[in-house]
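Heads up: the protein sequence lines correspond to chains A and B, in order.
For reference, each letter of the first sequence is one residue, going 0 to 566 in numbering that gives the first Met the number 0.
For reference, each letter of the second sequence is one residue, going 0 to 271 in numbering that gives the first Met the number 0.
In what follows, a single structure is set out as structure tokens and then discussed.
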Amino acid sequence: MKEALLIRNGIVYDPMNGVEGEVMDIAVEGGVIVEDVDEREAKVIDASGMLIMPGGVDIHSHIAGSKSNIGRLLRPEDHRRSYEPRTAVTRSGVGHTVPSTKTTGYRYARMGYTTVFEAASPPLKQKHTWEELNDIPIIDKAALTVMGNNWFIMDFISQDRIEDAAIYAAWLLKSTKGYGIKIVNPGGVEAWGWGGNVYDLDDQVPYFGITPREIVEGLCRVNSILNLPHTIHVHTNRLGMPNNCWTALRTVHTIRKSFGGGRPLIHITHCQFSGYAGSTWTTLRSGAEYIAKYVNSIDHVTLDIGQVVFTDTTTMTGDGPLEFRLFQSLAGKWANADVEVETGAGVVPVKYSRRSYVGTIQWAVGLELALLIDDPWRVCLTTDHPNGGPFTAYPRVISWLMSSKARGKVMEKANRRALKYTVLPSIDREYTFTDVAIVTRAAPARLLGLKSKGHLGVGADADIAIYDIDPRKIDPAVDYRMVRRALRRAAYTIKGGRIVVVKGEVVEDIPGRSIWVDVAVPGDRIEEVIREVKPRFEEFYTVKLSNYPVPESMLIGSSPIKVNPSI
Amino acid sequence: MRVTFRPLTPFKVPVDLSPITPDNLEDMDIGEIRSLQISLGSKRKRVDEVFSVELSEDAEGEVAVVFMGDFSKARGIGSGMSKGSITVKGSGGLRVGEYMRGGTIVVEGDVDHWLGMGMRGGSINVKGSAGSYVGAPPKGSSKGMRGGSIMIEGGAGECVGAYMRDGSIEVKGSVGLFPGLRMLGGVVVVYGDCMGRAGARMKDGRVIILGRAGSILPTFQIEEVRPSVRGVRERLEGPFYVFQGDLSEDGRGRLFVSKQSNPELEYLEKLL
């Protein structure tokens, strides 16, 4: 039976289709949005005076995988801070910054988010990642595959065999059910295996005769050969160090030559963490101005902000050396992991304090990035969950973007000296609801190449968020608290045509879909490369090549996206 | 007001008593107290399904809660209380006085681990002995005791006063390993023996051991021999070896070890 649904008289914001706050009806049938349904048979939702947006899309969030699990193990105190009891339809769960799988799904759904991308999953750990993603209810999910420090990829690139690297990358994506190419501190994590790091784009990666610049350029070419829906997703070198905004900009600048118009080439993720100027921690400055100026002048880069919120959180990243440095400066807990042949990881609990100089600078950099970059289509809203703060802080971040009064309130209590070295107090730009719909829905969906997400046009997935707030009646710049409250608890969340949340409470626990890319590289080409790789693969890895791939049968609701590469 | 709770049957499963505090009971009448919800094992129960409750209004002043019987299966007696008193006529169970802010708790029997967990104020008196982690933070956290006083007439287990920031802990009996682990302030007085490794990674604060010290960590450096030291209420007569430590941290902490009970440490006097 096809379930029909009719949402009446909502105030719709759908920037991808140019709809800005018009009162419209939305019809849903069979899980997709349709032109019209039979009113007598459809379930009707009266959304008059309510804000309707497409379901949220989170481009970068660490929600599953071995790294999140290390975070859970490392922080039992985090479990006690926040817990959700069982209800008739939902299961119980714990965790504020690293919530358990079920809770992750419910909390995203409550905020009206329906698609979330796990930001970094090493191919070797992808089975674990998919087990956890399978367990996350309601939302659609996908995982970006970490390739920036993969030995075979680095070998192919250093030998200038880009096409073979592309075939290997395609095989990795296909066999581990990944979605895109994630690069974490290119070369640096491999150097961390030897206790070192790379500090600039032209530092040599030990034993590989390659530089981070070559890795980024090489994988960018791989990405365009494979025609992947998403660009390369780069966590730059020197992340979280003073004066790193120039490293980020050089990373972007180095691939400008391959840009011939059209789609962007590179996505700088959690850009806030690579947006610092000033040579030491005591003279740290905001580098957001330089980044924004550069981004405004070119077309081939997109970014997500990785906003910091003032809270106690857990940082977890594949960037092992960064976490070790954090641990040294904080002297708290630290976990480190090495994923053989591929990458590493580290986990450190962090408390961002508004009284601290560095904390305030970090907070300001994220907001400056979002406010100084003119084109909202190239900015995505993230907190790099849980590195900058848990994803449940999104409504708060949105209220800061929408209201300079809300920002002022925070600045009153923030570190005064730090605010002198940021431009945030002088920015009076305020996001409109359209801008918010872009940075939380439309832009991430477009950047990820998800055709049926992030908009409400006919044929799109019926992922709809309805919030109990009337954008015609309230001024978000003044009543930012109302906006925050409304966005925290969606009046209705509709996922695939099913009503899953009503008034901020989950009413139906349905499994989400698993999205991955199926790159149609000719089988004989893959065989050729794998035959070459196999002896070394079985020498280096502790697993056999045949045990490495993730079978499609393991995915719940597997929905591959076919991609035709130019090979 | 005085409220007495007697278990109807001995507890076979853990019972969470954290809702029964003087703060919560202050404005309640007997009917409301009887209908309070508590957890018995995995079930939610009304108080009168588990206890027989007796209320006597004659006692003036603050609320006094009395638990009669064996409460070694109980968890969180006096959780977060800020006034009044709780008396346990029997054993106390896990986490007695967790996050306590004021008032007094007296336990006539023994208590289990995490006595005064994350405590901030008030006083606890245990007539029997305590388990490990007295005044320590819950697992994983680094926020230990931040005020108040704990007095244990018997012995205690390991890690007494771990991550303690302020307040005082006195143990009349002996303690296990690591008293004052990662201490940041406050004072721990052990009148009996210690198994060893006192004050490991302490940054600040004082650990006083009147019995045998067990072992002195190599990161502690002898400073002087002092005839007496300031205890919690009175001066303690020594003489005491005074150690500075833990030198792997800032070394602002002090470890006092009785000279009389530890004759094997006499060689350290040559280093002075």
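Cβ coordinates follow ideal geometry from the N, Cα and C atoms, glycine included.
Computed from a predicted model, the values in this text were never measured in an experiment.
Secondary structure of residue i, DSSP reduced to three states
i	result
A:Y112	strand
A:N16	helix
A:Y178	coil
A:G48	coil
A:A334	strand
B:I215	coil
B:E169	strand
B:F10	coil
B:L271	coil
B:C193	strand
B:R119	coil
A:H266	strand
B:Q36	strand
A:H384	coil
A:K404	helix
A:P469	It should be pointed out that residue 469 of chain A corresponds to Asp in this sequence rather than to Pro. Looking at A:D469 - three-state DSSP - the assignment turns out to be coil, as it is neither helix nor strand.
A:I69	helix
A:V197	coil
A:T433	helix
B:I19	coil
A:Y275	strand
A:M0	Confidence is the limiting factor: at A:M0 the pLDDT is only 47, short of 50, which leaves the residue's position unreliable and the question unanswerable from this model.
A:M315	strand
A:G522	helix
A:K412	helix
Extent of the continuous alpha helix (DSSP H) run through residue i
i	result
A:D478	No alpha helix (DSSP H) holds A:D478; DSSP gives it neither H nor E.
A:C244	C244 to H252
B:N124	Here B:N124 belongs to no alpha helix (DSSP H); instead the beta strand (DSSP E) covers S122 to V125.
A:G319	G319 to L329
A:R212	P211 to L225
A:R445	A442 to L446
A:R416	R415 to K419
B:M80	From DSSP, B:M80 is part of no alpha helix (DSSP H); its letter is neither H nor E.
Beta-carbon gap between residue i and residue j smaller than 8 Å
i	j	result
B:R119	B:G146	yes
A:A459	A:T492	no
A:E341	A:T541	no
B:D111	B:G134	no
A:M153	A:K181	no
A:V378	A:I304	yes
B:L39	B:V52	no
B:G184	B:R164	yes
A:A46	A:L4	no
B:G160	B:M182	yes
B:G252	B:G175	no
A:G179	A:L218	no
A:T235	A:S174	no
Cross-chain neighbours of residue i in chain B, by beta carbon under 9 Å
i	result
A:R71	The premise fails here: A:R71 is roughly 11 Å from chain B at the closest Cβ pair, so nothing lies under 9 Å.
A:E76	P136, P137, K138, G139, S140, S141 and K142
Test: residue i CB closer than 8 Å to a CB of chain B
i	result
A:R79	yes
A:E526	no
A:M0	With a pLDDT of 47 at A:M0, under the threshold of 50, the modelled position of this residue cannot be trusted; read the value that follows with caution. With 8 Å as the cut-off, A:M0 does not count as an interface residue toward chain B.
A:V562	no
Bounding residues of the beta strand (DSSP E) (the contiguous stretch that carries residue i)
i	result
A:Q125	Segment Q125 to D134 is the alpha helix (DSSP H) holding A:Q125; no beta strand (DSSP E) there.
A:V349	T342 to K350
A:K140	D139 to V145
A:K543	Where A:K543 is concerned, there is no enclosing beta strand (DSSP E), given that its DSSP letter is neither H nor E.
B:F255	G252 to S257
A:Q361	It is not in any beta strand (DSSP E) - A:Q361 instead sits in the alpha helix (DSSP H) that spans Y356 to L371.
Any chain A beta carbon closer than 8 Å to residue i
i	result
B:P18	no
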